[in-house]
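Read the structure below first, then the notes.
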Amino acid sequence: MSDEEREEVELDLSSPEVVTKYKLAAETVNKALQLVLSECRPNAKIVDICEKGDSYITTQTSNMYKNVKKKVEKGIAFPTCLSVNNTVCHFSPLASDETVLEEGDVIKIDMGCHIDGFIAVVAHSHVLQQGKVTGKAADVLAAANTAAEVALRLVRLGKKQTHCCSSNPSTSTIATLHSPCPHTILFHRIIISSSEALIFIHIAEFVV
């Protein structure tokens, strides 16, 4: 068996080492998410929160696999992003950005971590307010959760990504985003499909 063939076999989840690296990446990014959530408060600068999320991942992973013969790359797989209200996703601001959070903001958080190229990503929606979430914000969160559950049940061998994210219907008050942008996560790579791009739509009576 050649070195290339041996490396391909080792990438399979039948390898305990691969599973361990995925789990370490997942545990790290989930803890980073909790840190980011704790920093979300009115008047907090988005760029500061993103920097804390990235710094946590970098610091934690720097202590992993230090005493091994072969260098193990690790750290941020996807930068910490805080997308507020009508910003759909992936808002990772420049250091000069002065945008702050406000009471009532609907925040979408996404971030990723990798250990030796094995990537774990996490995303979470959060409403910046005390007490029970009601009204349009509650409606859109419930709809997104239901859509995610439907998509999860459609994940099967042989299914295309578009099959899993194109069958969520609109209602009288909630509209799905058209042309979602699927991500394929591979060893050392997060691929955003070039054939499908987000199309921002504005429908006055809909919550998008």
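So for the sequence shown, full-length UniProt numbering puts the first residue at 1; every next one is plus one. Quick reminder that beta carbons are idealized off the backbone N, C-alpha and C, glycines included.
Distances from the CA of GLN130 to each of GLY104, LYS71, ASN86, ALA25 were compared; the closest alpha carbon is that of GLY104. When rounded, the separation of the alpha-carbon atoms in VAL36 and ALA151 is 26 Å. Assignment of LEU82 by DSSP, reduced to helix, strand and coil, places it in the strand class. ALA44 and LYS69 have their alpha carbons spaced roughly 42 Å apart. Contact between PHE78 and GLY117 does not hold, since the beta-carbon distance rounds to 13 Å and is not under 8 Å.
ASP110 sits in a strand when the DSSP states are folded into three classes. An exposed status is given to GLY135, since fewer than 16 other beta-carbon atoms sit within 10 Å of its beta-carbon. Unbroken beta strand (DSSP E) stretches of 3 residues or longer found wholly inside the UniProt domain "Peptidase M24" (21-159): 74-84, 106-115, 118-127, given in chain order. Below 8 Å, enough C-beta pairs join the segment 38-55 and the segment 86-98 to call them touching: three or more. For the pair ILE109 and LEU128, the CB atoms are not nearer than the 8 Å cut-off. When the beta-carbon positions are compared, THR28 and GLN60 come within less than 8 Å of each other. The beta carbon of GLU39 lies closer than 7 Å to those of ILE49, LYS52 in the same chain, with the five residues before and after it left out. In this structure, the straight-line span from the alpha carbon of TYR22 to that of ASN67 is close to 19 Å.
The distance from the Cβ of LEU33 to that of HIS114 is about 15 Å, inconsistent with a contact at the 8 Å cut-off. Listed in chain order, the non-local C-beta contacts of LEU24 below 7 Å within the same chain comprise MET64, ILE115, local neighbours out to five positions each way being set aside.
Between VAL121 and the set ALA26, GLU17, VAL18, the nearest pair of CA atoms involves ALA26. Contact check for ASP97 against ILE76 fails: the beta carbons are separated by 8 Å or more. Within 10 angstroms of the beta-carbon of VAL155 lie fewer than 16 other beta-carbons, which makes it exposed. In this structure, VAL18 and LEU11 form a Cβ contact; the two beta carbons are roughly 6 Å apart against a cut-off of 8 Å. For the pair PRO42 and LEU101, the CB atoms are nearer than the 8 Å cut-off.
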